[in-house]
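S.K.: Residue numbers (the numbering used here): 109 to 212.
Yeah, the Cβ is synthetic: ideal placement off N, Cα and C, and Gly gets one too.
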Amino acid sequence: MVVEALVPSAFADGEFDLTLVSYFLFAYQDRLGYEFHRDSIFEIMRVTRGEARIYPTVTFEAQSSEYVPMLRSDLALQHFAFTEVKTDFEFLVNSNSFLRVTRD
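1. In chain order, what residues of the same chain lie with their CB nearer than 8 Å to the CB of leucine 126, ignoring the 5 residues before and after it?
2. Could you tell me the boundaries of the beta strand (DSSP E) in which glutamate 192 lies?
3. Locate the alpha helix (DSSP H) running through serine 148, then write down its first and last residues.
4. Quick one: grab the DSSP three-state call for threonine 127.
5. Tell me which same chain residues have a C-beta within less than 8 Å of the C-beta of aspartate 212, skipping the five on either side of it?
6. Are the beta-carbon atoms belonging to threonine 165 and leucine 200 less than 7 Å from one another?
7. Looking at serine 148 and leucine 133, is the spacing between their C-beta atoms short of 7 Å?
8. Rank Asp138, Leu183, Phe197, Lys194 by C-alpha distance to the C-alpha of alanine 174 and give the top, closest one.
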């Protein structure tokens, strides 16, 4: 199954100071395509006033997601800053970082 559509959430613009995404994006890279990830970033940041944190930045196969560098270089996302932040927490092998997304 490949999901390529994202339904806009019912939350208002800028409703949250901090938005946390855990074990959804990147982890399911084999089922959710790049466009889904990009559109999700847009929707997450629409409802986020401050920053979003996406954990982990690896797939369930413990491989770095190929989408992280693609998001960083996507011109449509150029008004966002993407910073990979190391953590002490590691549930899966190599899952010791999250992606911080803020407005530039």
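M.R.: Once the coordinates are examined:
1. Contacts found: Thr156, Gly158, Glu159, Ala160, Arg161.
2. Following the DSSP letters along the chain, one finds glutamate 192 inside the beta strand (DSSP E) bounded by residues 188-194.
3. That run of the alpha helix (DSSP H) goes 142-154.
4. Correct three-state label for threonine 127: strand.
5. Once the five neighbours on either side are set aside, the close Cβ partners of aspartate 212 are Gln186, His187, Phe188, Ala189.
6. Taking C-beta atoms as the reference points, threonine 165 and leucine 200 fail to come closer than 7 Å.
7. Against a cut-off of 7 Å, the Cβ pair of serine 148 and leucine 133 comes out as a contact.
8. In the sequence on display, residue 174 carries glutamate and not alanine. Of the candidates Asp138, Leu183, Phe197, Lys194, the one whose C-alpha sits nearest the C-alpha of glutamate 174 is Asp138.
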